[in-house]
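Q: Residue numbers (my numbering), protein chains in the order written: chain A, 150 to 502; chain B, 1424 to 1796; chain C, 271 to 353.
Virtual Cβ for every residue (Gly too), placed ideally from N, Cα, C.
Model, not experiment: these values are computed from the prediction.
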Amino acid sequence: MSGGRGSTGPRLDLEKGRVEMVHGSGGRASCQLVEEIFLPAFDNPWLRKEGDQAQLDLSEGRWAMSTDSFVISPVFFPGGDIGSLAVHGTVNDLAMGGALPLYLTAGFVLEEGFPLSDLVRIARSMGAAARSCGVSVVAGDTKVVERGKGDGIYINTAGIGRIPSGVNLDPSGIRPGDALLLSGPVGDHGASVLAARENWGLATSLCSDSAPLHGLVGAMVESGPGLVCLRDPTRGGVAATLNEWARLSGLSFEIEEAGLPIRPEVKGVSELLGIDPLYLANEGRLLAVCRPEAADTLLRAMRNHPAGREAVSLGRVGRGHPNFPSGSVRMKTLMGGTRTVDWLLGDPLPRIC
Amino acid sequence: MSDLRYLESFRDPEIGRSLLASLGILARRLPRTPVRIMEFCGGHTHAFHRFGLLELLPPEIRMVHGPGCPVCVLPKGRIDAAIDLSLEKGAVLATYGDVLKVPGSHQRTLMKARARGGEIKTVVSAMEALALAETHPDREVVFFAIGFETTTPPTAAVILEAKRRGLRNFSVFANHVLTPSAMEAILSGTSLDGIIGPSHVSTVIGTRPYDFVARIHKVPLVVAGFEPLDILLALRMLLSQIAEGRSEVENEYARAVAPEGNPRSLELISRVFERAPALEWRGLGLLPQSGLAIREEFGFFDAQRRFSIEVGHVSDPGICECGDILKGVKGPRDCRIFGTICTPDTPVGACMVSAEGACAAVFHYGDREGAVS
Amino acid sequence: MCLAVPARVEEILGESQARVRLGGVLQEVSTVLVGDLRKGDFVIVHVGFALSRLDPEEAEKTLALMREAAGFEGGEDVRSQIS
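#1: Identify whether GLN1713 (chain B) lies in helix, strand or coil by the three-state DSSP scheme.
#2: Can you tell me whether ALA1701 (chain B) is buried or exposed? The criterion is at least 16 other CB atoms within 10 Å of its CB, across all chains shown.
#3: Just mark GLU1683 (chain B) as buried or exposed, buried being the case when its beta carbon has 16 or more other beta carbons within 10 Å.
#4: Any heavy atom of the ligand GTP closer than 7 Å to the CB of ASP319 (chain A)?
#5: Where does ARG426 (chain A) land, buried or exposed, given buried means 16+ other C-beta within 10 angstroms?
#6: Give me the residue from B:LEU1749, B:THR1769, B:PHE1724 and B:LEU1691 with the minimum Cα distance to PHE1566 (chain B).
#7: Which same chain residues, not among the five before or five after VAL1496 (chain B), have their C-beta less than 8 Å away from its C-beta?
#8: Return the residue from the list A:GLY297, A:GLU261, A:ALA235 and A:GLU347 that minimises the CA-CA distance to VAL1546 (chain B).
#9: Tell me where the alpha helix (DSSP H) around LYS1750 (chain B) begins and ends.
#10: Just list the residues that DSSP pairs ASP217 (chain A) with in beta bridges.
#11: Output the distance between the C-alpha atoms of SER316 (chain A) and ALA437 (chain A), rounded to the nearest integer angstrom.
#12: Nearest by alpha-carbon distance to PHE232 (chain C): which of C:LEU273, C:ALA274, C:VAL279 and C:VAL275 is it?
#13: Would ALA1597 (chain B) and ALA1568 (chain B) be called neighbours here (beta carbons separated by less than 8 Å)?
#14: I want to verify the contact list: residues of chain B whose CB lies under 7 Å from the CB of GLU328 (chain C), in sequence order.
#15: Are there three or more Cβ pairs, one per stretch, closer than 8 Å when the stretch 323–333 of chain C is compared with the stretch 1464–1477 of chain B?
#16: Would you check if there are 3 or more beta carbon pairs closer than 8 Å linking the stretch 365–372 of chain A to the stretch 1437–1446 of chain B?
#17: Report the three-state DSSP secondary structure of MET1486 (chain B) (helix, strand or coil).
#18: Comparing alpha-carbon positions, which option in B:ALA1514, B:HIS1640 and B:GLY1648 lies nearest PHE1730 (chain B)?
#19: Does HIS1640 (chain B) come out as helix, strand or coil in the three-state DSSP assignment?
#20: For ASN1592 (chain B) and PRO1560 (chain B), which I take to be in contact (beta-carbon distance under 8 Å), what is that distance rounded to the nearest angstrom?
#21: Within the same chain, show all residues whose beta-carbon is closer than 8 Å to that of GLU1437 (chain B), passing over the 5 residues directly before and after it, in chain order.
#22: What is the rounded straight-line gap between the Cα of ALA277 (chain C) and the Cα of GLN1712 (chain B)?
#23: What's the gap between the Cα of SER321 (chain A) and the Cα of ARG311 (chain A)?
#24: Taking a contact to mean a Cβ-Cβ separation below 8 Å, would you say GLU406 (chain A) touches LEU355 (chain A) in this structure?
#25: Could you check whether the Cβ of ASP1561 (chain B) sits closer than 8 Å to any Cβ belonging to chain A?
#26: How would you list, in chain order, the residues of chain E whose beta-carbon sits under 8 Å from the beta-carbon of THR1574 (chain B)?
#27: Please classify SER398 (chain A) as buried or exposed, where buried requires at least 16 other C-beta atoms within 10 Å of its C-beta.
#28: Just to confirm, are SER462 (chain A) and LEU483 (chain A) a CB contact at a threshold of 8 Å?
#29: Could you give the distance in angstroms between the alpha-carbon of ASP491 (chain A) and the alpha-carbon of ALA395 (chain A)?
#30: Check the Cβ-Cβ distances between GLU295 (chain A) and every residue of chain B, and say whether any is below 8 Å.
#31: Report the residues of the stretch 1516–1542 of chain B with a CB closer than 9 Å to any CB of chain A, ordered along the chain.
#32: Using C-beta distances below 6 Å, list every residue in its chain close to LEU1479 (chain B), excluding the 5 sequence neighbours before and after it, in chain order.
#33: Let me make sure I understand the geometry here. Which of A:ALA388, A:GLU260 and A:ASP267 has the alpha-carbon closest to that of MET170 (chain A)?
#34: To which residues of the same chain is PHE225 (chain A) closer than 7 Å at the C-beta, ignoring the five residues directly before and after it?
#35: Name the residue from B:VAL1564, B:THR1630 and B:TYR1429 whose alpha carbon lies nearest to the alpha carbon of GLU1542 (chain B).
#36: Could you confirm whether any beta carbon from chain B is found closer than 8 Å to the beta carbon of GLY318 (chain C)?
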């Protein structure tokens, strides 16, 4: 972390104070932010050194690395906040490669005027999430932009994790006949964030499903061979993930609506706003491709784990078709017909028509 | 959950399967096939595709997608005017999500206008637009109102409420259109054996306005609810009419539609709006008495008057075949540029611009191979 | 063209508003287009307005018609005619 040691002068007003330009300038004020907010929240040996870099002892073998940025609004939502989301999201990106997440970085871009009390709340939430995931935030950075040039707070993270030997999850291994598994109900995060938009007059007890998945992945990997690849269906939902795989493999992905788990509240929000739940973000779910003979064992392992209790078999991978070099994603509807699950250009928008 | 009951019971797969089977039996007994049936409403088009019903229908039924998609028939000139309101005239534009990505001239959209600094807010309710005006007292707030008769009463209610509250910074850019006029245009241009009438337009206007369809054009019409079982039952009722040589207006959606419609809504509409002499519909051209204009009495809340909006006429390129598709003369796959030049991301004409336009629905949900049309 | 859903009236909020429920999710809607509503009534909701009442009796009648047309209870046993 940049900034010198031992700032002097009055402490930050964490209750009523606001982020000011000076907090991003690298001087004493920046140091205060680190020492009074981030250090106490993330506390670990690397951060305590307050160096410009964290020096890590990494074992031999393969490592996974990921990066992500978080710009969610509202910053606090039922079931989490931008901080816990950032930790879980990064942990999950690594976990989808079978890696055990270990070290994270966190870069903050703060808007001038952002309440310090909110920053404290977010930092504490990140710290708690990191601790419960067994990861450490070992390096970070803070910049401040002028009022009006940022949406309160943006967080960028990077994460590294160790891939156990013998684990090789790779979508290029997807074959026709493979099974598709889903770890739990769809759309909780997307629907709860939409419902939290205050001018839409919606109220629900629905919470984001933001949660770390590395434990579930560990249990799946341990259950035996046959796991091909994993992905967490975040922005763009299950539809985006399946379409990404379809495009990579050129194969057809066939799922059944009857098998798609969905909470009544997510149904309610989707129907009221005219949004297809297949496109809603999930922050605590994973999709898995596995060899057909491994499906039962994997499902059992998933259901035995708290993060996978409602795991289901969603469908299978079929042969490609020369007319569709980018593959296809199709769903057998409740009524028994078939529809294509297309890849949206952007986020789903509420419809009135 | 019991509050989902009226959605789920009308989606029962077992009843659906049996209804389909009975539809097949009826269809095979028809004297002349195939029968061309139009589902007028874009919401029904969407339902056909969302539930994958088209491929399940007996081959004797040929569904023709109708023009009941208010976003699709909104002329480009009106999108241009809305963009201008935001970018040139500095108004805060409150709009339903459906219109955000619809291109006007030169592929400009409200979404792109937002990126260029236009203050454009997505609302899910007309009342939300009103609330925006109250929270932005120093700005002009314009509500971009679109829709058939279903969406018109909310707009009327909002104008009345704005007047009641004495709001000085709120106005409505009204683009409401009338279903019977569009139906007349379709029926004069193409032959149909039956029509599935719109669900929610009918809750407002009732079933009587469709009498001319049966009486004058001798085409059976069944008003159907929104759910798959509603659509299947309505098809069954239509096939029975065709088989028996009847042409009547029937109501499958009796749980929400009364023959006289909703008197309160109709009263609100006629209090605030009057028929515009002729309105341009994208793809269908100028249709007489087909749209609504805000009455003089409420002129203060008419954005067209307040901002002296001139809606320009912008035609679609000659290569666009939407006119024929909207009238049911051609299907999406019959269009030369379907799926190649014209896609949902690069829509050329009306039928591709909204998710429930005939072409967009086929593109999004259908089998590209051609099994579904 | 008109996305509208049947939701249950949960609470009346004054003369022109009500809270409706679908899947357990609550939404505040305007009731100026429908007459007196009571808790437990069902309404069709569109763009934040209750458009019309849903008549539960008619709903049951329609469902019964569907079952009959499908050959479920009484009526012509359609399924036995499937070739």
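A: Concretely, from the data shown:
#1: As written in the sequence, residue 1713 (chain B) is Ser, which differs from the Gln given in the question. Of the three classes helix, strand and coil, the one that applies to SER1713 (chain B) here is strand, per DSSP.
#2: exposed
#3: exposed
#4: As for the ligand GTP, it is missing from this structure, which has no ligand bound.
#5: In the sequence under discussion, the amino acid at residue 426 (chain A) is Pro, which differs from the Arg named in the question. With 16 or more other Cβ atoms within 10 Å, it is buried.
#6: B:PHE1724
#7: PRO1490, VAL1600, ALA1605, TRP1704, ARG1705, GLY1706, LEU1707, LEU1749 and ALA1773
#8: A:GLU347
#9: Note, LYS1750 (chain B): premise wrong, no alpha helix (DSSP H); not H, not E.
#10: A:THR306
#11: The sequence as given places Val at residue 316 (chain A); Ser does not occur at that position. Each residue's Cα considered, the two are about 14 Å apart.
#12: Nothing can be reported for residue 232 (chain C), as the shown portion of chain C is limited to 271 through 353.
#13: yes
#14: ALA1677 and ARG1678
#15: no
#16: no
#17: strand
#18: B:ALA1514
#19: coil
#20: 6 Å
#21: none
#22: 34 Å
#23: 21 Å
#24: no
#25: no
#26: Of the protein chains in the structure, A, B and C, none is chain E.
#27: buried
#28: no
#29: 11 Å
#30: no
#31: TYR1519, GLY1520, ASP1521, LEU1523, LYS1524 and MET1534
#32: LEU1443
#33: A:GLU260
#34: none
#35: B:VAL1564
#36: yes
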